[in-house]
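Following: one structure in structure tokens, then a few remarks.
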Amino acid sequence: MTGIQQLQTRYQIAADEIMTFGDNENDLGMLQMTPWGFAMPNASASIQQATRNIAIADYNHDGVLATIEAQLELY
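Using the UniProt record's numbering, you'd call the opening residue of the sequence shown number 1 and step up by one each time.
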């Protein structure tokens, strides 16, 4: 069981309530666990192609924060 799955079980969180962010091959499973998996813009092409979403900016430019804020504005 992954860390995310453990958190889902413990706190009764559905996959569609989780946002994940990653930029490397080791993040692929996590990024595909939820419809809200975001590859960082500086991620490899294979990671970007395997995810549904691309973050607004990279980690060095507050990409996670900017992406979360943009998604929250949609709702």
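The beta carbon of each residue, even a glycine, is placed where N, CA and C say it ideally should be. These numbers were taken from a predicted model, which means no experiment stands behind them.
About 5 Å separates the CB atoms of I47 and A39; that is less than 8 Å, so the two are in contact. If you compare the alpha carbons of I68, M33, A70 with that of I4, the shortest gap goes to M33. Just so you know, the alpha carbons of T67 and A55 end up roughly 6 Å apart. Annotation for D16: T34, P35, W36 place their beta carbon closer than 8 Å to its own, counting only its chain and skipping 5 residues before and after.
With fewer than 16 other Cβ atoms inside 10 Å of its own Cβ, G29 counts as exposed.
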